[in-house]
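Below: one structure, written as structure tokens.
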Amino acid sequence: MASILDQLTIEEKASLLSQIVWETTELPCEDLEKFLLADGPAGIRRLKEYFDEDIYNTLPTTCYPSPSTYASSWNRELIHELGRHLGIEAKSMDVDVLLGPGVNLKRSPLGGRNFEYYSEDPYVTSELATEYIKGLQEEGTGACIKHFAVNNQETRRMTIDVRIGEEPLRELYLRAFQKPVTEGKPWMVMTAYNRVNGEYCGESRKLVGEILRGEWGYEGTVVTDCFAAHDLKKGIQNGLNLQMPGETGERLAQRIREYLEAGELTEEELDRAVRKNILLSERARQARKKVSYDREAHHAFARRTALESMVLLKNRSGLLPLQESDSVCVIGEMAEKPRFQGGGSSHVNPWKLETFLDLLRRQKPEVPYAAGYQEDQTTEELLLEARQTAAKADKVLLFLGLPEIYESEGYDRTDLRIPEAHEELLEQVSQVNPRVIVILFNGAPVEMPWIDRADALLEAYLPGEAGASALLELLYGRENPSGRLAETFPIKLSDTPCYLNFPGDPNAVRYSEGFLTGYRYYDTARKEVRFPFGFGLSYTEFAYSGLEVSQNPQKRLLEISVQVKNTGTLAGKEVVQIYVEGPDPKGGRPVRELKQFAKISLEPGEEKRVQMRISEEDLKIYRPGNSGRWVLRNGCYRIYAGKSIAELCACAEIEITSGIWPEITENTCLGDMIRIPGKWEILQEELAAHPRSLEFLTLCRNDNPLKISMGGLMSFQNLKRTDPSLKDDDIAKLLEKLNAEPA
Ligand code: GLC
Numbered sequence: 066m067a068s069i070l071d072q073l074t075i076e077e078k079a080s081l082l083s084q085i086v087w088e089t090t091e092l093p094c095e096d097l098e099k100f101l102l103a104d105g106p107a108g109i110r111r112l113k114e115y116f117d118e119d120i121y122n123t124l125p126t127t128c129y130p131s132p133s134t135y136a137s138s139w140n141r142e143l144i145h146e147l148g149r150h151l152g153i154e155a156k157s158m159d160v161d162v163l164l165g166p167g168v169n170l171k172r173s174p175l176g177g178r179n180f181e182y183y184s185e186d187p188y189v190t191s192e193l194a195t196e197y198i199k200g201l202q203e204e205g206t207g208a209c210i211k212h213f214a215v216n217n218q219e220t221r222r223m224t225i226d227v228r229i230g231e232e233p234l235r236e237l238y239l240r241a242f243q244k245p246v247t248e249g250k251p252w253m254v255m256t257a258y259n260r261v262n263g264e265y266c267g268e269s270r271k272l273v274g275e276i277l278r279g280e281w282g283y284e285g286t287v288v289t290d291c292f293a294a295h296d297l298k299k300g301i302q303n304g305l306n307l308q309m310p311g312e313t314g315e316r317l318a319q320r321i322r323e324y325l326e327a328g329e330l331t332e333e334e335l336d337r338a339v340r341k342n343i344l345l346s347e348r349a350r351q352a353r354k355k356v357s358y359d360r361e362a363h364h365a366f367a368r369r370t371a372l373e374s375m376v377l378l379k380n381r382s383g384l385l386p387l388q389e390s391d392s393v394c395v396i397g398e399m400a401e402k403p404r405f406q407g408g409g410s411s412h413v414n415p416w417k418l419e420t421f422l423d424l425l426r427r428q429k430p431e432v433p434y435a436a437g438y439q440e441d442q443t444t445e446e447l448l449l450e451a452r453q454t455a456a457k458a459d460k461v462l463l464f465l466g467l468p469e470i471y472e473s474e475g476y477d478r479t480d481l482r483i484p485e486a487h488e489e490l491l492e493q494v495s496q497v498n499p500r501v502i503v504i505l506f507n508g509a510p511v512e513m514p515w516i517d518r519a520d521a522l523l524e525a526y527l528p529g530e531a532g533a534s535a536l537l538e539l540l541y542g543r544e545n546p547s548g549r550l551a552e553t554f555p556i557k558l559s560d561t562p563c564y565l566n567f568p569g570d571p572n573a574v575r576y577s578e579g580f581l582t583g584y585r586y587y588d589t590a591r592k593e594v595r596f597p598f599g600f601g602l603s604y605t606e607f608a609y610s611g612l613e614v615s616q617n618p619q620k621r622l623l624e625i626s627v628q629v630k631n632t633g634t635l636a637g638k639e640v641v642q643i644y645v646e647g648p649d650p651k652g653g654r655p656v657r658e659l660k661q662f663a664k665i666s667l668e669p670g671e672e673k674r675v676q677m678r679i680s681e682e683d684l685k686i687y688r689p690g691n692s693g694r695w696v697l698r699n700g701c702y703r704i705y706a707g708k709s710i711a712e713l714c715a716c717a718e719i720e721i722t723s724g725i726w727p728e729i730t731e732n733t734c735l736g737d738m739i740r741i742p743g744k745w746e747i748l749q750e751e752l753a754a755h756p757r758s759l760e761f762l763t764l765c766r767n768d769n770p771l772k773i774s775m776g777g778l779m780s781f782q783n784l785k786r787t788d789p790s791l792k793d794d795d796i797a798k799l800l801e802k803l804n805a806e807p808a
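To convert, take the position in the sequence shown, counting from 1, and add 65; that gives our numbering.
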């Protein structure tokens with residue numbers, strides 16, 4: 066390493082700080098090859114030309130379901146396999162690093178890029194994203210987790226200043242990144258466009274310097290999003306390594322030389338930044354391999370991913386699964402012109418795009434079809450044809466959703482409606498045939514004032530190139546739906562917790578809802594929703610019993626087990642969800658939070674005892690301020706096993722004493738301290754060397770209530786004013802002992 070750096074001129078070092086469109090600079094230096102980046106959390110977006118104005122002019126690749134779709138699988142193993150499949154395809158196209166996964170939380174369902182993110186919840190996001198990264202990198206393709214951090218809207222994304230409190234920042238928005246970074250160990254982290262509390266992410270001392278590099282110990286390469294390097298020298302000093310796409314050659318070298326000459330940047334800082342890119346270049350070179358893969362097999366895996374992800378939301382009177390003998394008709398242009406992926410930088414050119422109508426007609430050539438609409442428009446003729454078609458069939462398969470132009474990277478939605486033309490089509494079709502099965506294609510939640518017109522509703526999201534065949538399997542019961550919502554579907558936009566604070570003003574957006582985003586709000590505020598977080602139906606039924614919870618203090622975790630039985634007549638998969646209600650349910654925090662889940666398969670009548678663990682780390686809350694640390698609170702915890710946040714099937718309580726709570730500070734009153742088990746003994750022992758202070762402690766157990774209050778009101782801040790022997794060091798040692806988690 067030193068030898069390579071020694072060989073480089075300032076100009077050459079500067080050129081390594083910039084990624085030009087998709088690849089870094091090639092240098093005439095041994096072992097220092099360029100490396101190639103390419104998008105796409107759901108497929109490899111490899112431009113046909115080096116740089117093409119048409120960002121959709123890309124090489125054919127497998128188009129997998131969108132992240133919002135595959136997150137609804139809640140299947141860690143599946144997402145690990147998805148990472149592997151993408152890693153292989155990236156290798157085959159000489160891509161060294163795939164720019165994914167995107168793990169930003171879905172703060173508002175209006176977010177234009179929500180299709181490209183996993184969930185409103187950090188736990189399910191972090192679990193699945195960690196597996197995605199591991200799978201990808203097992204195949205020698207680097208992952209680049211993005212967009213670090215708090216990038217939850219497209220409106221003014223390049224400049225918006227997110228004003229957010231430290232606790233929700235840490236416990237929600239950063240927690241979605243923490244395990245994927247510290248355990249997944251992605252080769253790269255891409256910083257977000259926006260500012261957070263005044264700092265641009267790409268140069269943020271707090272986010273990149275203190276948290277990512279400092280607390281999390283991230284060793285890889287930090288890259289900005291496109292054109293998001295504002296103050297490059299500040300970025301370099303805080304841990305940034307690469308700007309994308311940057312400027313090249315003389316211009317950048319000139320800037321770096323000026324920084325050096327002005328003493329605004331040291332050569333050591335420059336070398337430290339460049340060194341990461343040299344390491345990445347070496348890592349990419351070693352991982353390069355020529356691979357080919359079976360496109361049909363990858364296409365089949367895209368189908369399997371879609372099968373595990375689509376969510377059955379309604380199935381009144383068991384309209385589904387269809388029988389082969391059913392007379393059905395197909396209505397809706399999306400049955401022949403599918404909506405299957407999102408717009409923007411994740412958009413790919415599918416290798417083999419299926420259409421539902423084509424596949425169904427291969428089995429049932431006579432199936433009647435009517436387009437019903439074109440994109441988001443309809444006409445009297447199209448509606449008349451749809452009514453006539455619906456009237457001739459027993460059951461109607463009605464394809465509705467959001468046209469691609471409605472949601473994309475680069476802009477947010479302004480409402481949650483599907484096109485009026487689609488709503489009108491449903492209204493008219495349901496008047497001539499009440500047995501309507503709606504299949505919905507959308508990257509993010511929509512309002513459903515029309516829900517009563519649909520007898521059944523299958524959320525297909527954006528199911529990728531093989532979505533049509535997956536849908537066919539699910540509709541005819543050859544596969545049993547097992548997707549669960551990883552985000553809430555609200556009844557209306559104004560019910561959403563950030564409704565009054567999205568997308569903010571021209572300068573800033575205020576996360577005034579704090580922790581209470583998604584189900585954390587609806588569940589805590591007991592707000593009715595259309596479909597709750599974690600919800601999804603099956604063609605069979607599952608029963609829960611025998612929830613058991615115990616604490617394993619040595620391993621610092623909770624052991625949880627629950628019996629689950631398939632009480633129906635079909636094999637199926639269930640997502641067992643564990644929600645935890647911590648102490649102080651009226652403390653302003655969410656009442657319940659998801660802390661574990663497991664997806665299991667059960668044959669009819671089969672039952673399993675599902676064993677799960679929750680680490681104490683996952684139960685901790687963040688205490689800002691000078692302590693700035695994670696704290697496990699003592700107290701009573703309620704553990705729920707459920708099918709969704711709104712269907713909790715079993716509950717067990719456990720008392721945790723291995724933590725601390727409340728945390729003691731130098732302003733905490735003695736009276737409050739001695740109510741916490743174990744603190745009296747510590748205080749008696751430690752204050753023995755400070756008789757004056759010990760007198761006040763002893764007063765706390767006097768018979769006279771007035772004297773008790775005199776002693777009880779004293780804090781260490783006050784004691785040190787009346788007891789010269791009590792120094793700051795003594796207080797620091799006392800606080801450390803009083804706040805130490807029991808061994
Ligand atoms: C875009 C996106 C980012 C993508 C990059 C390269 O602006 O924000 O996710 O990886 O540019 O296309």
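C-beta: ideal position from N, C-alpha, C; glycine also.
Since we're looking at a predicted model, the values are computed, not measured.
Residue i: beta carbon under 8 Å from a heavy atom of the ligand GLC?
i, result
"Glu34", "Nothing can be reported for residue 34, as the shown portion of the chain is limited to 66 through 808."
"Gly267", "no"
"Cys765", "no"
"Asp290", "yes"
"His212", "yes"
"Leu305", "no"
"Met309", "yes"
"Gly410", "Before going on, a small fix: residue 410 reads as Ser here, not Gly. Indeed, a heavy atom of the ligand GLC lies less than 8 Å from the Cβ."
"Tyr258", "yes"
"Glu255", "First, the amino acid is wrong: residue 255 is Met here, not Glu. Yes, the Cβ of Met255 comes within 8 Å of a heavy atom of the ligand GLC."
"Gly508", "no"
"Asp423", "no"
"Asp477", "no"
"Gly167", "yes"
"Asp649", "no"
"Leu164", "yes"
"Asp119", "no"
"Asp104", "yes"
Can you tell which of the options has the C-alpha that lies nearest to the C-alpha of residue i?
i, options, result
"Glu53", "Asp119, Phe607 and Tyr687", "Within the shown structure, residues of the chain are numbered from 66 to 808, placing residue 53 beyond reach of any answer."
"Phe554", "Ser131, Lys171 and Ile69", "Lys171"
"Cys701", "Ile276, Ile153, Val645 and Pro655", "Val645"
"Glu315", "Leu778, Thr74 and Lys802", "Thr74"
"Arg381", "Ile516, Cys714 and Pro650", "Ile516"
"Gln388", "Leu803, Ser374 and Glu538", "Glu538"
"Gln493", "Thr632, Met223, Thr454 and Ala136", "Thr454"
"Phe596", "Tyr604, Thr605 and Gly583", "Gly583"
"Met255", "Gly263, Arg228 and Gly285", "Gly285"
"Asn303", "Met309, Val288 and Pro789", "Val288"
"Leu70", "Pro770, Arg337 and Thr634", "Arg337"
Measure how close the beta-carbons of residue i and residue j come, nearest whole angstrom, since I'm counting them as under 8 Å.
i, j, result
"Glu512", "Leu481", "4 Å"
"Asn306", "Thr89", "With 8 Å as the limit, Asn306 and Thr89 do not qualify as a contact, their Cβ atoms being about 10 Å apart."
"Pro562", "Glu552", "At roughly 13 Å, the Cβ-Cβ gap does not stay under 8 Å, so Pro562 and Glu552 are not in contact."
"Val393", "Leu448", "Actually they do not touch by this definition, with Cβ atoms about 20 Å apart."
Shorter than 8 Å, the distance from the beta carbon of residue i to the closest heavy atom of the ligand PLP, or not?
i, result
"Leu778", "The ligand PLP is absent from the structure shown, which contains only the ligand GLC."
Residue ranges of each beta strand (DSSP E) run of no fewer than 3 residues wholly in the stretch 520-550, ordered along the chain? 521-524
Tell me the start and end of each unbroken beta strand (DSSP E) in the stretch 721-784 that is at least 3 residues and wholly inside, in chain order. none
Give a yes or no on contact between the stretch 243-258 and the stretch 586-600, applying the rule of three or more CB pairs nearer than 8 Å. no
Does the structure place the stretch 562-575 close enough to the stretch 151-162 that three or more beta carbon pairs sit under 8 Å? no
Can we say the stretch 615-632 touches the stretch 664-683, given the rule of at least three CB pairs closer than 8 Å? yes
Specify whether the stretch 520-534 and the stretch 404-416 touch according to this definition: at least 3 beta carbon pairs, one from each stretch, less than 8 Å apart. yes
Can you find at least 3 beta carbon pairs, one from the stretch 231-241 and one from the stretch 682-690, that sit closer than 8 Å? yes
Quick check: the stretch 350-369 against the stretch 500-510, are at least 3 beta-carbon pairs closer than 8 Å? no
3 or more residues per run - each beta strand (DSSP E) lying fully within the stretch 339-380: 376-380
Any chance the stretch 146-159 sits against the stretch 354-367, with 3 or more Cβ pairs inside 8 Å? yes
At a cut of 8 Å, does the stretch 219-229 reach the stretch 197-211 through at least three beta carbon pairs? no
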